[in-house]
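S.K.: Chains as they are written, first to last, in my numbering: chain B, 2 to 378; chain S, 150 to 783.
For each residue, glycine too, the CB sits at the ideal point set by N, CA and C.
Since this is a predicted model, take the numbers as computed values, not measurements.
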């Protein structure tokens with residue numbers, strides 16, 4: 002088997018960098034791909050913020066913090082993560098409730114919690130806590146899960162998502178809910194449940210519409226027909242499509258995107274940075290970036306496939322798939338395939354909170370992969 | 150059926166997991182394929198279309214600010230105009246290090262150092278390619294200083310613009326007001342789109358109150374910008390052009406602000422200021438027929454041009470620290486005890502409520518005592534006025550007459566009547582900041598004090614209210630207004646500064662309507678005549694308090710003097726002007742309307758801590774009225 006080949010390799014004398022990576026529990030292919038995406042991100046950011054070097058420096062500092070988080074998390078063995086999982090989840094729920102009642106309001110949403118020393122978004126914690134919780138719950142149980150277990154898991158995944166959607170932060174709510182549901186799907190959820198869930202979801206759409214806030218409804222409506230409101234809510238989508246489309250195959254070149262530099266494109270350093278890449282580096286640039294992302298997701302799935310217990314498998318699989326959702330939702334909304342839900346482009350968009358969680362998630366993947374025991378068979 | 154027992158089967162579970170993983174990988178590839186197809190559609194198939202749109206985006210719409218309307222006095226004298234001036238402007242997106250650039254400019258003396266924070270705050274609020282004005286008026290030396298160093302300051306440039314100028318300076322500072330730099334706070338209250346490109350906004354007085362007329366409508370023109378947002382070419386002059394086929398207008402001429410004509414007579418205003426001289430005080434002259442403010446002066450004043458050109462922090466601090474408070478509009482916002490100047494209104498209340506008959510006499514021994522009390526309310530004249538009827542009581546300003554009858558009238562009827570003739574509430578003048586003054590009542594006192602024992606109304610308080618002392622206070626605008634109500638036999642016309650504005654379409658003047666607010670109807674109309682006669686007795690009577698100051702006027706004046714106490718003199722002490730601090734001396738007041746037989750104007754004068762109303766305030770009023778009657782249109 003594949004593990005055995007690796008085991009043979011492991012007996013050979015290792016080069017110095019390989020030994021360092023091994024002792025730090027890091028996975029070289031994954032780490033290199035992540036660093037490559039981050040480097041591209043910083044380069045594009047420099048262009049998107051109008052060549053303001055100080056913003057790029059501050060983003061690099063955040064990147065440093067995120068990498069430190071990766072390094073720390075990679076040192077925690079999966080068994081320890083499993084023992085902490087329910088407590089992390091409960092703490093996350095507690096923080097969410099605290100945010101709902103005491104959180105700080107910014108841009109019409111209550112997302113931030115001020116703990117005196119640091120200000121952070123508790124919803125970020127749930128991006129890890131929910132898959133941890135679901136994987137922990139399914140670890141001891143016979144798979145595919147029985148119906149009542151499915152209900153418990155749905156509750157664990159959807160309750161925090163509802164709390165986050167209430168902040169309101171639809172993008173993060175989608176990511177948190179899908180991380181739990183992915184774990185459930187990977188565990189082998191029976192297809193008839195899946196089918197029933199699909200029917201239920203369709204039936205629930207009108208109800209959801211009823212509970213949506215005005216700006217969320219407007220986003221959905223503008224998604225259907227952006228030209229209906231060219232100066233208001235549709236402006237972002239129209240301008241980002243112009244940016245991507247005008248980039249063509251080869252792009253206008255780095256620092257030469259007129260859409261971004263003439264400030265036609267709003268949110269160009271954050272949620273809409275994908276459009277800046279499309280404008281300046283063209284189709285080829287976007288395909289290269291997507292290829293890197295796919296490599297990261299693929300490496301994550303490979304780690305999941307090689308994981309040795311249910312908890313590790315489900316956790317690694319769920320984190321990898323959620324990462325793909327991140328990329329797909331952002332690229333989809335910027336290119337007009339999906340409504341605008343406010344999901345940043347992972348590792349590239351300006352901003353620090355989501356990057357730390359993402360890197361911590363990759364730390365978990367590395368911890369899982371570097372602690373496999375060699376199998377006899 | 151027996152319950153099915155399930156066991157954990159690792160091999161079975163792993164196979165299941167692999168199956169799902171492969172399914173997931175397939176879905177991922179499908180979705181990625183969808184995304185790539187979308188990108189190909191945008192970037193290859195529709196590329197020419199989007200490339201055109203992006204090219205169009207290089208043409209930016211630039212706001213063209215309207216010219217601010219002018220402000221004239223009633224005879225067409227310009228009170229606020231626009232003069233060309235060199236301004237220093239900065240475009241935030243072209244400046245790498247804003248704080249360093251501003252500090253360097255401040256060091257060269259091109260911007261006041263105290264303005265840096267304000268400029269930074271404003272730059273953060275605006276769009277990064279819109280200019281921020283750093284210095285509203287550069288003198289020749291500053292222009293030269295910058296011109297030789299221009300290459301060191303990318304993104305900063307000199308631009309010729311119009312700036313506001315007030316030819317009469319301090320004379321109109323409080324009424325016309327001034328404009329100042331548009332602040333982040335202003336933008337919160339104004340229509341952002343209409344103020345794109347506007348750098349100054351009305352801050353006080355008429356400039357603030359009539360901002361909506363003076364400002365005008367912003368225009369647009371198209372400009373071609375390069376990749377850094379710098380304007381390369383203006384495509385056309387802002388002219389009305391037919392709408393483009395897609396319905397968007399490509400350019401629009403700005404609509405200039407409307408001119409505003411004030412009822413103010415600048416020469417009367419200057420005469421009032423001259424009469425007040427270096428003393429602290431205020432004069433308000435109203436046209437009793439339509440409420441026009443003919444003069445509204447407050448001394449000391451300040452130069453409003455300092456504000457319209459961006460006042461330096463040092464100058465502003467100096468104005469704030471001046472003990473005479475030149476920024477304070479004494480005519481509109483200064484509240485003073487009105488003293489005897491409200492005796493005409495009080496006398497009318499006594500007649501109306503039949504507390505006293507027209508010829509009824511009262512003996513004034515020089516003091517008044519409430520029944521069952523030993524406290525003596527003193528008359529201003531120690532030896533008393535002897536037997537006085539209403540006309541004599543007014544002419545000599547006998548306090549005892551009003552003490553006695555006022556306490557019979559009672560505070561609530563007093564409050565009701567004085568409020569009806571325009572005291573104790575805002576007159577409704579068309580500029581902001583007016584103070585309401587106060588005519589006390591039992592109800593007012595219950596709400597005004599926290600302690601229960603302070604809330605009760607005492608009879609002694611009614612006694613002093615009857616001569617305009619105690620809690621009672623009023624602004625000069627109110628006194629002039631209330632005096633006008635007497636002149637017009639009960640008609641309350643709202644005072645107004647603006648009397649006309651220019652039509653935005655053809656520039657013709659449109660008169661603004663004069664507003665009659667309410668009308669006081671007396672059962673016996675002859676009471677108005679009696680009050681007028683009693684006020685004539687003040688200026689013409691053998692013992693009238695203003696007979697010396699009003700001697701020889703070509704017009705007949707109905708007036709009333711007032712000397713308002715600032716400092717309480719003890720029961721047995723003598724008021725000695727020389728012994729007490731200048732700031733605690735009595736205020737000198739005078740109110741009047743003229744000509745008494747067919748009133749045209751009413752006037753209220755205060756000289757702060759000036760002493761006696763007859764000798765100090767009445768001559769000021771005389772000078773102003775002489776000026777009015779020397780030049781009025783016949």
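So which of B:54, B:157, B:168, B:82 has the shortest CA-CA distance to residue 102 (chain B)?
M.R.: Here residue 102 (chain B) is taken as the residue at index 101 of the first chain, counted from 1. With distances taken between Cα atoms, residue 102 (chain B) lies closest to B:168.
S.K.: Where residue 68 (chain B) and residue 286 (chain S) are concerned, what is the direct C-alpha to C-alpha distance, given to the nearest angstrom?
M.R.: One-based indexing of the first chain puts residue 68 (chain B) at position 67. One-based indexing of the second chain puts residue 286 (chain S) at position 137. Distance between the alpha carbons of residue 68 (chain B) and residue 286 (chain S): 53 Å.
S.K.: DSSP three-state label for residue 253 (chain B), please.
M.R.: The residue labelled residue 253 (chain B) in the question sits at position 252 within the first chain. DSSP places residue 253 (chain B) in coil when its eight states are reduced to three.
S.K.: Within 10 angstroms of its Cβ, does residue 354 (chain S) collect 16 or more other Cβ (buried), or is it exposed?
M.R.: Numbered from its first residue, the second chain carries residue 354 (chain S) at position 205. Per the 10 Å Cβ criterion, buried.
S.K.: Any chance the region 658-678 of chain S sits against the region 452-462 of chain S, with 3 or more Cβ pairs inside 8 Å?
M.R.: Note that the region 658-678 of chain S does not touch the region 452-462 of chain S; fewer than 3 beta-carbon pairs, one per stretch, sit closer than 8 Å.
S.K.: For residue 513 (chain S), write down the residues that DSSP places opposite it in a beta bridge.
M.R.: As a position in the second chain, residue 513 (chain S) is number 364, starting the count at 1. DSSP output for residue 513 (chain S) lists S:535 as bridge partner(s).
S.K.: Cutting at 6 Å between CB atoms, please list the residues of its own chain near residue 351 (chain S), excluding the five before and the five after it.
M.R.: Position 202 of the second chain holds residue 351 (chain S). The beta carbon of residue 351 (chain S) is closer than 6 Å to those of 328, 357, 360 in its chain, skipping five residues each way along the sequence.
S.K.: Would you please verify whether the beta carbon of residue 184 (chain S) is less than 8 Å from any beta carbon of chain B?
M.R.: For this step, residue 184 (chain S) is matched to residue 35 along the second chain. Among the residues facing chain B, residue 184 (chain S) is included, as its CB has a counterpart in that chain under 8 Å away.
S.K.: If you measure between the beta carbons of residue 238 (chain B) and residue 280 (chain B), is that distance less than 8 Å?
M.R.: On the first chain, residue 238 (chain B) is found 237 positions in, with the first residue counted as 1. On the first chain, residue 280 (chain B) is found 279 positions in, with the first residue counted as 1. Taking 8 Å as the cut-off, the Cβ atoms of residue 238 (chain B) and residue 280 (chain B) do not count as close.
S.K.: When you compare each of S:621, S:165, S:184, S:692 to residue 339 (chain B) by their alpha carbons, which one comes out closest?
M.R.: Residue numbering aside, residue 339 (chain B) sits at position 338 when the first chain is read from its first letter. Out of S:621, S:165, S:184, S:692, S:184 has the C-alpha closest to the C-alpha of residue 339 (chain B).
S.K.: Checking the sheet assignment: what are the DSSP bridge partners for residue 649 (chain S)?
M.R.: Here residue 649 (chain S) refers to the residue found at position 500 of the second chain. Beta-bridge pairing links residue 649 (chain S) to S:410, S:660.
S.K.: Along the alpha helix (DSSP H) that carries residue 307 (chain B), what are the first and last residues, could you check?
M.R.: Residue numbering aside, residue 307 (chain B) sits at position 306 when the first chain is read from its first letter. Its alpha helix (DSSP H) spans residues 274-307.
S.K.: List the whole-angstrom C-beta distance separating residue 794 (chain S) from residue 434 (chain S), where the pair is believed to meet the contact cut-off of C-beta under 8 Å.
M.R.: With chain S covering 150 to 783 only, the question about residue 794 (chain S) has no answer from this structure.
S.K.: Rounded to the nearest angstrom, what separates residue 130 (chain B) and residue 257 (chain S) at their Cα positions?
M.R.: Locating residue 130 (chain B) in the first chain gives position 129, counting from the first residue. Locating residue 257 (chain S) in the second chain gives position 108, counting from the first residue. Approximately 58 Å between the Cα atoms of the pair.
S.K.: Using a Cβ-Cβ cut-off of less than 7 Å, give me the residues of the region 122-146 of chain B that come near chain S, in sequence order.
M.R.: Residues 143, 144, 145.
S.K.: Identify the contact partners of residue 245 (chain B) in chain S, using a Cβ-Cβ distance below 8 Å as the criterion.
M.R.: Within the first chain, numbered from 1, the residue matching residue 245 (chain B) stands at position 244. Simply 188, 191, 192, 199.
S.K.: Whole angstroms are fine: how far does the CA of residue 175 (chain B) sit from the CA of residue 163 (chain B)?
M.R.: Position 162 of the first chain, counting from 1, holds the residue named residue 163 (chain B). Position 174 of the first chain, counting from 1, holds the residue named residue 175 (chain B). About 9 Å.
S.K.: Considering only the alpha carbon of each residue, which of S:544, S:637, S:608, S:656 lies closest to residue 709 (chain S)?
M.R.: Numbered from 1 along the second chain, position 560 holds the residue referred to as residue 709 (chain S). The option with the nearest alpha carbon to residue 709 (chain S) is S:544.
S.K.: So, is the C-beta of residue 362 (chain B) closer than 8 Å to a C-beta in chain S?
M.R.: Locating residue 362 (chain B) in the first chain gives position 361, where the first residue counts as 1. By this cut-off, residue 362 (chain B) is not an interface position.
S.K.: Does the beta-carbon of residue 460 (chain S) have 16 or more other beta-carbons within 10 angstroms, so that it is buried, or is it exposed?
M.R.: For this step, residue 460 (chain S) is matched to residue 311 along the second chain. With 16 or more Cβ atoms within 10 Å of its Cβ, residue 460 (chain S) is classed as buried.
S.K.: Our contact map puts residue 570 (chain S) next to residue 631 (chain S) with C-beta atoms below 8 Å; I'd like the distance itself, whole angstroms only.
M.R.: In the second chain, residue 570 (chain S) corresponds to position 421, counting from 1. In the second chain, residue 631 (chain S) corresponds to position 482, counting from 1. The Cβ separation is near 5 Å, so the contact holds.
S.K.: Please report the residue range of the beta strand (DSSP E) in which residue 630 (chain S) lies.
M.R.: Residue mapping note: residue 630 (chain S) aligns to position 481 of the second chain, counting from 1. Counting along the chain, residue 630 (chain S) falls outside any beta strand (DSSP E), though it belongs to the alpha helix (DSSP H) covering 625-636.
S.K.: Quick check on DSSP: helix, strand or coil for residue 367 (chain B)?
M.R.: Walking along the first chain from the start, residue 367 (chain B) turns up at place 366. Helix at residue 367 (chain B).
S.K.: Spell out the partners DSSP gives residue 529 (chain S) in its beta bridges.
M.R.: If you number the second chain from 1, residue 529 (chain S) lands on position 380. In the DSSP output, where bridge partners are listed per residue, residue 529 (chain S) has none listed.
S.K.: Any C-beta of chain S sitting closer than 8 Å to the C-beta of residue 217 (chain B)?
M.R.: Residue mapping note: residue 217 (chain B) aligns to position 216 of the first chain, counting from 1. False, the Cβ-Cβ gap to chain S never drops below 8 Å.
S.K.: Would you identify the three-state DSSP class for residue 594 (chain S), choosing helix, strand or coil?
M.R.: Taking the second chain and counting its residues from 1, one reaches residue 594 (chain S) at position 445. Helix at residue 594 (chain S).
S.K.: For residue 165 (chain B) and residue 177 (chain B), what's the separation of their Cα atoms in angstroms?
M.R.: To locate residue 165 (chain B), count along the first chain from 1; it is residue 164. To locate residue 177 (chain B), count along the first chain from 1; it is residue 176. The alpha-carbon atoms of residue 165 (chain B) and residue 177 (chain B) are separated by roughly 9 Å.
S.K.: Mind pulling the chain S residues with CB within less than 8 Å of residue 242 (chain B)?
M.R.: Residue 242 (chain B) sits at position 241 when you count from the first residue of the first chain. Going along chain S in sequence order, the residues near residue 242 (chain B) (Cβ under 8 Å) are 191, 199.
S.K.: CA-CA distance, residue 681 (chain S) and residue 635 (chain S)?
M.R.: Indexing the second chain from 1 puts residue 681 (chain S) at position 532. Indexing the second chain from 1 puts residue 635 (chain S) at position 486. Straight-line Cα distance between these residues: approximately 8 Å.
S.K.: Can you pull the chain B neighbours of residue 174 (chain S), defined as C-beta to C-beta under 9 Å?
M.R.: The count along the second chain starts at 1 and reaches residue 174 (chain S) at position 25. Going along chain B in sequence order, the residues near residue 174 (chain S) (Cβ under 9 Å) are 298, 299, 302.
S.K.: Would you kindly report the start and end of the unbroken beta strand (DSSP E) that includes residue 445 (chain S)?
M.R.: Position 296 of the second chain, counted from the first residue, corresponds to residue 445 (chain S). That run of the beta strand (DSSP E) goes 442-448.
S.K.: For residue 343 (chain S), which of helix, strand or coil comes out of DSSP?
M.R.: Within the second chain, numbered from 1, the residue matching residue 343 (chain S) stands at position 194. Look at residue 343 (chain S) here: in three-state DSSP terms it is coil, with no helix or strand label.
S.K.: Is residue 100 (chain B) helix, strand or coil when you go by DSSP?
M.R.: Numbered from 1 along the first chain, position 99 holds the residue referred to as residue 100 (chain B). If DSSP states are grouped into helix, strand and coil, residue 100 (chain B) belongs with the helices.
S.K.: What did DSSP end up calling residue 197 (chain S) once you bin it into helix, strand or coil?
M.R.: Numbered from its first residue, the second chain carries residue 197 (chain S) at position 48. Looking at residue 197 (chain S) - three-state DSSP - the assignment turns out to be helix.
S.K.: Within its chain, find whatever has a CB closer than 7 Å to the CB of residue 151 (chain S); leave out the 5 residues flanking it on each side and keep chain order.
M.R.: Reading the second chain from its first residue, position 2 is the one you call residue 151 (chain S). Reliability of the predicted coordinates at residue 151 (chain S) is poor, the pLDDT of 48 falling under 50, and the value obtained from them is presented with this limitation in mind. Answer for residue 151 (chain S): no residue qualifies.
S.K.: Start and end of the alpha helix (DSSP H) containing residue 548 (chain S)?
M.R.: In the second chain, counting from the first residue as 1, residue 548 (chain S) sits at position 399. From DSSP, the alpha helix (DSSP H) with residue 548 (chain S) extends over 548-558.
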